Amino acid sequence: MNIALVVRLVTILAAAATARRATTCRWAALGGSMFASAVTLTVAVQVIASGHAIDGVLLRHAASGIVLGYSVTPLSAWFLMVLELIAIPVAFYSTGYFAHAVSASRTAVVGTALNVLLGALEIVFAADALIVFLFAWELMTLSTAVLVATDHQERASRRAAYLYLVMSHVGTGCLVAGFLILSAATGSQSFAILLSGHAVSGPARHALFALFFLGFGVKAGVIPLHVWLPEAHPAAPSSISALMSAVLVTAGIYGLVRVCAFGLGVPDVRWGLTFMFVGTVSAILGVLYALTQIDIKRLLAYSTIENVGIIMLGLGAGMVALAHGQGALAAMAVAASLMHVLNHAVFKGLLFLGAGGVVMATGTRQIEQMGGLLRLMPWTGLCFLAGAMAISGLPLLNGFASEWVTFQALLLGFASTRGLVRLVFPLGGAMLALTTALAAACFVRAFGISFLALPRSPEAAGARESHAAMLGPQAALAALCVVLGLFPGAVLRTLWDVTKSLPGLQPPVEPSWGAMGMAARGSGMDAFDHVVPVFMAVPMLGGLALAVWAAQRATAARRAPTWACGGELTARTEYTATAFSKPLMLIFRGVYRPTRNVETLADVSPYFPQEVRFRSQIEPTFERYIYRPLGRGVLRAADGMKVLQAGSLHAYLSYVLIVGVLILIWLGGGM
Amino acid sequence: MPLLVWTLVFPLVTAGIGGIGGPRALRESIMIGGLTVTFALSLAVAGQFLAGATPAAFGDALRVDGLSALVLVLCAFVGLISGIYGVGYLRRNEDRGLITMRMRREFFGLMPAFVFAILLVSMSNNLGILWIAVELTTLASVFFVTFHDRDTSLEAAWKFLMLGSLGLAFALLGTVLLFASGQGHLGEGVGALNWTRLMQAAPIMHPFTLRLGVVFALIGYGTKAGLAPMHTWKPDAYGEAPSPAGVLMAVGMLNAALYCVLRIHIISSAALGPAFSGGLLLTLGLLSVLVATPFILIQWNLKRLLAYSSIEHVGIMAIGFGFGAKTGVFGALLHMTYHTLAKPVSFFSAGTLAQLHSSSNFDRIGNGTFTRAPIASGLFVLSAVMITGSPPFGLFFSEMTILRAGFVGSHVAATSTFLAALIVLFCGFAYQVGRLVLGPPRDPADRRVPQPERFDLGTWTSIVAAAIAMVSAFYLPGPLLALIRAATDVVWGGA
Amino acid sequence: MTDVVWTAGLTILQTVGLLAVAPLLKTVIKKMKARLQNRQGPPFLQGYSDLTKLLRKESVRSETASWVYVAGPRVYFAAAIAATTLVPVLIAAAPLEAAGGILLLVGTLALGRFALATAALDTGSPFGGMGASRDMTIAALAEPALMLGLFTSALAAGSMNLGVLVRGLLQQGPSLHPSDFLALAGLFVILIAETGRIPVDNPATHLELTMIHEAMVLEYAGPDLALVEWASALKELLYMTLLVDLFLPAGMATHVTAGAIVVAALAWAGKVLLLAVAVTVAESTNAKLRLFRVPELVSISLGLAFLALAIRFL
Amino acid sequence: MTANLLVLCAAGMLVTAYLMVGQKALFTTIRLYGVQSALLAVVAATNAFSEGRSELFVTAALTVTLKGLLIPWFLMKVIDRIGIHREIEPFLNVPASLLVCLGLTVVGYRVSTGFPEGARGASHHVIGVALSMLLIGLFLMVTRKKAITQILALLTVENAVFLVAVGVTSGMPFIVEFGISFDVILAVLVLGILVQRIVGRFESMDVSRLSKLKG
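Line by line, the protein sequences give chains A, B, C and D.
First residue of the first sequence: 1, per this note's numbering; consecutive thereafter.
First residue of the second sequence: 672, per this note's numbering; consecutive thereafter.
First residue of the third sequence: 1167, per this note's numbering; consecutive thereafter.
First residue of the fourth sequence: 1481, per this note's numbering; consecutive thereafter.
Given below as structure tokens:
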């Protein structure tokens, strides 16, 4: 671990030193980063394999006597593993990507910030005490802000960076308060003691839960704390966006798991329900917003919110189970959410990398301007399709696996709890089903509109396939999607080892079905359900073969133009992304509150319009009704304070007079 | 003659020569030389203290204990770097022909005089001498406020002097009352006002008189330190003073004033227990932080921004002392140290930016300075990160320590308010820095094209200062740490 | 080893069997509809001749289409076939129940839908897009209701694996719990929605603007179209069988003897026919709903399913 | 006897302070300040007698020369040099001001009761007067617009402090006393210079116009 961080440090220095020569700097920063990540990965794997934590000290801050130490517990190791599994491909990708997408003058900044971010994330996951955690947490925030503001000429990215900073600082404030209250209560700083769960009890516990929920929720981007996410993630360079969406949010998740779920003693049922509720809302709203985006990176960002929601749902189920003292069930639910952390990281990373390639090739982020890219960038297209299918939770790919486990957890939760609470579980399941189906719709749209049919703009028509250095990582991640999808058992088994280390969880002793399959057992029922994707692959291939054989005449097909109602087929006759999501937009108009205005420009008579302009937009509910008023209020209050310093010496003197009189009255024991 | 007297003599002499005149090169070298020697001497004095001695002179009128040693070293350091930067700063204006003879005399004469006054404060053990020394700092700094001789600088100077003198009157009353409360137990002669004697007499002082005295003294010296609601002179004065003097005021004078506040605080803690003056400090500190916050959010002027930030920081230190307990006091002193190291960077870089654009008004400077003055802007961002208490820099650790002391001392409400204020402050700073540094480059059609940034003395000084501040975040030299510990003992241990 | 052979054999037999029957079902429903409208209707073997004709035809493809367009029908077909292997038909055991249960089934069908919808966007024809959009929309709305409906019976039987589930139901014997009827009603609506029947969709329409499923496959011709048609027929049969399994498993063969199989076959045919009649009636007595009325219909079924769950377990 | 004299002088100083609040002519105010300082000197002298502390005589002498004569003379000179009309226009009209000052006096006296009855039983009166004067002086600073009047107000505050020093503590250590007086002189000089520069720039010494620096 130390080695890894030393490497990071060296890399940072190297990157800073070679700032003037962009190429050298790029290779130094990214190469070093890959090396460091590899080292950390080995540490993580080692911990997970052995099941024993690795501790150590990074630095002693002599001045304040604060010791920055780390302790890689199995849980930390899991998150570290996820982090590095993405970090390495991202760095590799960046070697090709930065060359074109990041101006030479900024390479050093980006390279350095990237390494700082990764280092900070590593420390966040491995931190063993309060101060070091907050230290890394802050560092993470700052470096991310720098990355978001990379393109600071753009007003949008400045705004995004600022919004991000503000939101995360409010969050951090909650964390500082929470942790310091804990440490004041225990008189210690080490997580081992702080998060032993015996620190506080009574209402204070709920207050702390609220603080931590807010603090980590902001980073995780759960609704309604999400507003920064769809601004910040797209603003950064795509490979960074991949990192942010895939891993940065998991820092928030990590906190929620480590502190909210397992750090404050046996969770209260209401906490679990809060998690499930927030999770469901985030999932559905997230995917609904994603559905209507035409900026591909914003679309992916919103889908991140959706997946965080799914993760929260599983976690919440686990907490409810813990509250009911059902260790086995809780273990499964938590495992489900942790599994989804991994899977989401993989396919979201993949999708962002793909999007990055596309944006670079077409020079636009609007999918309405793309189209027909599959023929021009076949490999990117293929990988993106794989990612799209994975995120839509289709079998044989990894998305399905984790959602399957989540479903199981929810159903078993229903089967093994009593009272009205139990109805929450199947409802959660139904909502999860809705989410998945909507996600499928969303990504049919995303892939179909941007990669299929005719190019919708000259830029798209002129797109060229990405550099091999950028394709490699995508291929690797796509492959990972398939492997994790076909052998979910292996992942689940690993997770049993991880969950073993968490208090109150009782993972099954003998994991059945080996690497290929997963089984779910409920209390009282054996083999509630199991799944072995590989088996499913067989009839699939069989059916495919049959289809090909049956339709063999189709192999020699005649080509003919698409029928466009007798007209000529152009990009303008194609179905647009907006049109695609129109039905859902109308069905869920309660959520979107869409506003549309149509203006008809006619010169002779209104019945023969020259031009019809149509604009439709969805209302940014949270921004408009929560955040904007808040910000305005603060500024107005600040403005009001101006009168204190209005420039009149007499006023200033009167303050002193007043203070003097008041204090004299006070000392005189009142009048 | 003992070493600490030399420490005072040198800046005084330097001031004298600087005031007389002579060729530019000579003046510059004399000032830098003098201040360097002063710094070296202050280190030597601190060394004596660490070696176990307690340097003193004039019948303990001057006496260097842990607290004095710490403040002495910090102030001497600030004096040195601001002196060097000042030379660079003046050169820039000389090149642009903005400097008159009066300015030269004032600058080279008053800079070391100011340093002298501050050092005198930090060493004096006699409350009377202390008061006189503080008065001297005021008189010395007034002329820096009027330095540029603009309408606004006169206005600022008047306000500064009025509030300052009023504060000093209060401080004097406080001193008199302290003296009165201990009458009969303090003996005769100058020594009667010695802090050490007051400390001995503390337990038997007349409580009411003492209380009144403490209150007035705290308000008085608090005015000099810029605690709200007596802070109102600060933005005006800082906004008008040239940056090098600004640093001396924002760090040197601030530390000195805090030193006085602490001396009073210690006496009252010894006599009445820490709750009384501690509570007062906590209230004033919290008030300062809360007052500073909104003005940082809506600030329109670079230097005033820094002024409010210094109000915030003095507030933070006061809060730390107010929380009390060893942790709080230690945190506050640590904060003082790191603030002393970090603040000059922001003043220097801000000063450079202001000079390049010949204005410190955000609207006049316009945004996107990064493309025009990368070094200064970079340093400014860096210093902003430092003084907002973000990791990996020192103020993060000190603020954490103070916050922790607050929660441990179960001042939950106060600490939470403080924390919230800190967050808003960060947001405000982030916004201001963002709009200043980032953004598209100013269009070439613009007439107000700034001076090109050059690698001159000023720039180098700021770079070095930044380097020191950054290194110090991770490594404070052992002796300095020992000083902080000793100072903590003085303030809390009552040793 | 033997059980591998057994599984393989059963899988192939059942798949082939269902593939063979599927076109008949569609025709039967057509026929019954025609009769209700006092028309003659097509001959019973119409479905087969359509398929053979289509399969023999030359295939024409859009110039703008890519490999996705080609893959679409094939994956759709394969998914339908794969799905059948998870469903018990005659014997109280699904051929591939080792692979997984209800969730996998739903997932597999979703896979097919995904493939077809993507392919529909590939030609650049506005109708393809329209069809895809509407199909995905309705599917998305149907999904939660479907899941809830399935959960109800799964939780009742204590398993999500259709094989285990059916055996469980058979052991419990016929239950007349009201929740079953509610769930059945709910799932029937879903059946209609998913198989593109009136009132949700009109399989017989020739007006593009009202099409959903048809619009999606508008561009396909010849063998490609044949695959799509065949697969959707299979899918319909599959859904019906699923309903039968969940709510009326009586008569299934619990052990493999010729007699039992024959009985099971007759029983199955009867039950499916019953459902077919129900579908026909629904189609003939309702007018097609506007697209934006569909959510209401589906939400009704969602409500039914949830009600079923509630009254069953509270 | 001495005690009565002390209280008498102290009361006299308070009266001068009230008169300062009460009337408008600039020169009169300055003279009033002179008188006030003289009374302060008397207090010092009385204490010198009663305590038999010779250095208090020096203090008294210093006070008379510096505050009683030098400073008033200097201020008048400044006024003459910049020749502005000698009216004072306060923010608050006289009756209101007097009322406020009464309140402040009450506060001052109320606090003074907390003090120990010093050797001569006078101290709490002296303290009361001193605190009241302090507050009144501060009040004058707040309400007076002209730079000079503000300086006078400040000096009144200073006098109040000195009154405590000589009246209650029977004198601070001499060196300190000397240094302090010296500083006061310096301050006044600087203030004078500033006033001249202000008037030279704004053609007025109405400091309420100095309000450009906001926010």
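Idealized CB from N, CA, C, for every residue including glycine.
Since the model is a prediction, treat every value here as computed from it, not as a measurement.
Query                                                                                                                                                                                      : Result
Going by DSSP in three states, Val-604 of chain A sits in which element: helix, strand or coil?                                                                                            : coil
How is Ser-674 of chain A classed by DSSP in three states: helix, strand or coil?                                                                                                          : Outside the displayed range of chain A (1 to 671) lies residue 674 of chain A, so it cannot be described from this structure.
What does Val-320 of chain A touch in chain C if you count any residue whose Cβ is under 9 angstroms from its own?                                                                         : Under the 9 angstroms cutoff, chain C gives no residues; its nearest Cβ is about 17 angstroms from Val-320 of chain A.
Rounded to the nearest angstrom, what separates Arg-1201 of chain C and Ala-409 of chain A at their Cα positions?                                                                          : 49 angstroms
By alpha-carbon positions, which one of A:Ile-86, A:Leu-635 and A:Thr-555 ends up nearest to Val-1236 of chain C?                                                                          : A:Thr-555
To which residues of the same chain is Thr-1042 of chain B closer than 6 angstroms at the C-beta, ignoring the five residues directly before and after it?                                 : Pro-1112
Looking at Leu-1252 of chain C and the ligand SAH, is the gap between the Cβ and the nearest heavy atom below 8 angstroms?                                                                 : In terms of ligand content, the structure shown is empty, and the ligand SAH therefore cannot be addressed.
Strictly by DSSP, which residues pair up with Asn-797 of chain B?                                                                                                                          : B:Asn-865
Answer with buried or exposed for Leu-857 of chain B, where buried requires no fewer than 16 other C-beta atoms within 10 angstroms of its C-beta.                                         : buried
For Lys-1626 of chain D, which beta-bridge partners are listed by DSSP?                                                                                                                    : D:Asp-1686
I'd like to know if the segment 906-921 of chain B and the segment 970-984 of chain B are in contact, where contact means that at least 3 CB-CB pairs between them fall below 8 angstroms. : yes
Which stretch, first to last residue, makes up the alpha helix (DSSP H) that contains Phe-1537 of chain D?                                                                                 : 1534-1542
Just checking, does the segment 1426-1443 of chain C make contact with the segment 1381-1393 of chain C on the three C-beta pairs under 8 angstroms criterion?                             : no
Under 9 angstroms between C-beta atoms, does Pro-503 of chain A make it to chain C?                                                                                                        : no
What does His-226 of chain A touch in chain B if you count any residue whose Cβ is under 7 angstroms from its own?                                                                         : The contacting residues do not exist; His-226 of chain A stays about 19 angstroms from chain B at best.
Answer yes or no: does any C-beta atom of chain C fall closer than 9 angstroms to that of Ala-361 of chain A?                                                                              : no
Under 8 angstroms: do the segment 357-377 of chain A and the segment 482-497 of chain A share three or more Cβ pairs, one atom per stretch?                                                : no
Looking at chain C, is there any beta carbon in it that lies within less than 9 angstroms of the beta carbon of Trp-78 of chain A?                                                         : no
Using 9 angstroms as the threshold, is the C-beta distance between Thr-1088 of chain B and Leu-952 of chain B below it?                                                                    : no
Kindly list, in the order they appear in chain A, the residues whose Cβ is closer than 7 angstroms to that of Met-1296 of chain C.                                                         : Tyr-575
Which of helix, strand or coil does DSSP assign to Gly-993 of chain B?                                                                                                                     : helix
Quick check on the burial criterion: 16 or more other C-beta atoms within 10 angstroms. Buried or exposed for Met-360 of chain A?                                                          : buried
Can you list, in chain order, the residues of its chain whose CB lies under 8 angstroms from that of Ala-1264 of chain C, leaving out five sequence neighbours each side?                  : Thr-1173
With respect to the beta strand (DSSP E) encompassing Arg-613 of chain A, which residues constitute its N-terminal and C-terminal limits?                                                  : 611-617
Quick check on Ala-1166 of chain B: does DSSP put it in helix, strand or coil?                                                                                                             : For Ala-1166 of chain B, the pLDDT reaches just 41, beneath the cut-off of 50, and the residue's location in the model is therefore unreliable, although a value from the coordinates is still provided. Coil at Ala-1166 of chain B, not helix or strand.
Mind checking who Val-57 of chain A pairs with in its DSSP beta bridge?                                                                                                                    : A:Gly-69
So what's Ala-262 of chain A in DSSP terms, helix, strand or just coil?                                                                                                                    : It should be noted that the sequence gives Phe, not Ala, for residue 262 of chain A. Phe-262 of chain A: coil per DSSP, three-state reduction.
By how many angstroms is the C-alpha of Leu-471 of chain A removed from the C-alpha of Ile-86 of chain A?                                                                                  : 14 angstroms
Identify each residue in the segment 639-651 of chain A for which the Cβ-Cβ distance to at least one residue of chain D is less than 7 angstroms, and report them in chain order.          : Lys-642, Gln-645, Ala-646, Gly-647, Ser-648, Leu-649 and His-650
Report back the beta-carbon spacing between Gly-349 of chain A and Ala-246 of chain A to the nearest angstrom; my notes put them in contact at under 8 angstroms.                          : 4 angstroms
Is the beta carbon of His-1010 of chain B sitting closer than 9 angstroms to the one on Leu-1053 of chain B?                                                                               : no
Listing by chain order, which chain B residues have their CB less than 7 angstroms from the CB of Ile-1678 of chain D?                                                                     : Leu-825 and Trp-829
Compute the Euclidean distance between the alpha carbons of Val-684 of chain B and Gln-1630 of chain D, then round it to the nearest angstrom.                                             : 35 angstroms
Per the contact definition of three or more C-beta pairs closer than 8 angstroms, is the segment 415-428 of chain A in contact with the segment 1283-1292 of chain C?                      : no
Give the residues of chain B in contact with Ala-129 of chain A, contact being defined as C-beta atoms less than 8 angstroms apart.                                                        : The premise fails here: Ala-129 of chain A is roughly 12 angstroms from chain B at the closest Cβ pair, so nothing lies under 8 angstroms.
Report all residues from its chain with a CB closer than 6 angstroms to the CB of Ala-1599 of chain D; omit the five preceding and five following residues, and keep chain order.          : In this predicted model, Ala-1599 of chain D has a pLDDT of only 45, less than 50, meaning its place in the structure is not dependable; the value taken from the coordinates is given anyway. Nothing meets the Cβ criterion.
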